[in-house]
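In this text, residue positions in the sequence shown follow full-length UniProt numbering: the first is 1, and each later residue adds one.
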Amino acid sequence: APPGPAAAPDGGGPRSPRGPAECTAEGKAANVCGNDGKSLLNSHCATWRDLRQTKSAQEQMRFLAKCMGQDCQQSIDSMSAQAGKGNFCRFLDGLGLCYAYREAQIWCADHASDPLCGDGGAKWAIPPVGAAAAAADTQWAPRSDVALEGPGAGGDAGGRYSCACLKNCQCTAAACWCASAKDRAVFGSDPAGSLPRLAAAASISSGKAKACACTCGGVLGA
Numbered sequence: 001a002p003p004g005p006a007a008a009p010d011g012g013g014p015r016s017p018r019g020p021a022e023c024t025a026e027g028k029a030a031n032v033c034g035n036d037g038k039s040l041l042n043s044h045c046a047t048w049r050d051l052r053q054t055k056s057a058q059e060q061m062r063f064l065a066k067c068m069g070q071d072c073q074q075s076i077d078s079m080s081a082q083a084g085k086g087n088f089c090r091f092l093d094g095l096g097l098c099y100a101y102r103e104a105q106i107w108c109a110d111h112a113s114d115p116l117c118g119d120g121g122a123k124w125a126i127p128p129v130g131a132a133a134a135a136a137d138t139q140w141a142p143r144s145d146v147a148l149e150g151p152g153a154g155g156d157a158g159g160r161y162s163c164a165c166l167k168n169c170q171c172t173a174a175a176c177w178c179a180s181a182k183d184r185a186v187f188g189s190d191p192a193g194s195l196p197r198l199a200a201a202a203s204i205s206s207g208k209a210k211a212c213a214c215t216c217g218g219v220l221g222a
């Protein structure tokens with residue numbers, strides 16, 4: 001029997017992948033997965049899924065940081081999702097990555113017990129997909145305790161790393177800019193990363209709204 005959906009935490013927080021589930025005709029119709037049976041994900045997430053085992057440890061972490069940045073931006077897009085224009089980032093594939101299509105998120109909200117629909121938690125999205133009171137209260141969080149895999153990782157294979165993100169912020173290796181002071185809050189925990197230090201000193205720039213900055217294993221997704 002295919003695995004069931006991941007247990008949904010009451011709020012946000014790091015989550016673990018639940019393993020693959022077989023794509024169904026219903027899932028394909030809802031853009032949960034494609035004709036090849038693979039989950040339909042944001043572009044950097046699909047790259048990490050398909051190529052990570054051929055990449056060095058540094059590149060695996062960089063691609064996942066880019067992926068987390070896209071999922072983070074998708075979760076912020078819920079600001080307009082209630083009006084029927086944006087997206088949500090509550091429901092996840094077997095690797096803990098957000099389904100990229102709005103219709104996939106809504107389908108999973110209506111079929112939450114389906115094995116395809118891993119659940120980050122009700123507070124990861126606003127209605128009709130989640131139960132967060134407002135878009136600013138959504139609690140999406142990046143992956144944690146991820147394994148380095150494949151021959152590309154060499155002697156680092158089997159090592160573990162985690163990710164952290166800033167919402168409504170943009171960062172370089174030396175500095176961050178955030179849309180408001182409250183956006184300096186870090187989601188997730190990357191012990192090897194510098195986001196907490198950079199966030200504390202982040203300059204305020206309203207133009208960074210709907211941007212995301214993420215690190216995984218200390219590597220910035222830039």
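We put the CB at the ideal spot given by N, CA and C, even for glycine.
Which partner residues does residue i have in the DSSP bridge list?
{"i": "residue 204", "result": "178"}
{"i": "residue 69", "result": "DSSP lists no partner for residue 69."}
{"i": "residue 167", "result": "212"}
{"i": "residue 221", "result": "Partner(s): none; residue 221 has no beta bridge."}
{"i": "residue 41", "result": "99"}
{"i": "residue 187", "result": "165"}
{"i": "residue 146", "result": "161"}
{"i": "residue 33", "result": "39"}
Consult DSSP for residue i and reduce its assignment to one of helix, strand or coil.
{"i": "residue 156", "result": "helix"}
{"i": "residue 92", "result": "strand"}
{"i": "residue 23", "result": "coil"}
{"i": "residue 117", "result": "coil"}
{"i": "residue 74", "result": "helix"}
{"i": "residue 55", "result": "coil"}
{"i": "residue 140", "result": "coil"}
{"i": "residue 172", "result": "coil"}
{"i": "residue 199", "result": "helix"}
{"i": "residue 133", "result": "coil"}
{"i": "residue 126", "result": "coil"}
{"i": "residue 104", "result": "helix"}
{"i": "residue 192", "result": "coil"}
{"i": "residue 112", "result": "coil"}
{"i": "residue 8", "result": "The predicted position of residue 8 is uncertain, since its pLDDT is 42 and thus under 50; a value taken from the coordinates is nonetheless stated next. In this structure, residue 8 counts as coil in the three-state DSSP scheme."}
{"i": "residue 81", "result": "With a pLDDT of 49 at residue 81, under the threshold of 50, the modelled position of that residue is not reliable, and no figure is offered here."}
{"i": "residue 48", "result": "helix"}
Please report the Cβ distance between residue i and residue j, rounded to the nearest whole angstrom; I am assuming they are in contact, meaning their Cβ atoms lie under 8 Å.
{"i": "residue 92", "j": "residue 171", "result": "About 25 Å separates the two Cβ atoms, so there is no contact after all."}
{"i": "residue 90", "j": "residue 48", "result": "20 Å between Cβ atoms; not a contact."}
{"i": "residue 166", "j": "residue 98", "result": "Rounded, the Cβ-Cβ distance is 17 Å, inconsistent with contact."}
{"i": "residue 142", "j": "residue 187", "result": "7 Å"}
{"i": "residue 217", "j": "residue 190", "result": "7 Å"}
Does the CB of residue i have a neighbour CB from chain B at under 8 Å?
{"i": "residue 55", "result": "Given the protein chain composition of this structure (a single chain), no chain B is represented."}
### Message
Closer than 8 Å is the cut-off here; do at least three beta carbon pairs connect the segment 204-212 with the segment 179-192?
### Response
Output reads yes: the segment 179-192 touches the segment 204-212.
### Query
So does the segment 34-45 actually touch the segment 64-80, counting three or more Cβ pairs closer than 8 Å?
Yes, the segment 34-45 touches the segment 64-80.
### Task
Would you check if the segment 90-106 and the segment 21-35 touch, i.e. whether three or more CB-CB distances between them fall below 8 Å?
A contact is defined here as three or more CB-CB pairs under 8 Å, and the segment 21-35 meets this definition with respect to the segment 90-106.
### Query
Is the segment 193-202 in contact with the segment 150-160, if contact means three or more CB pairs nearer than 8 Å?
The answer is no - the segment 150-160 does not touch the segment 193-202, with fewer than three Cβ pairs under 8 Å.
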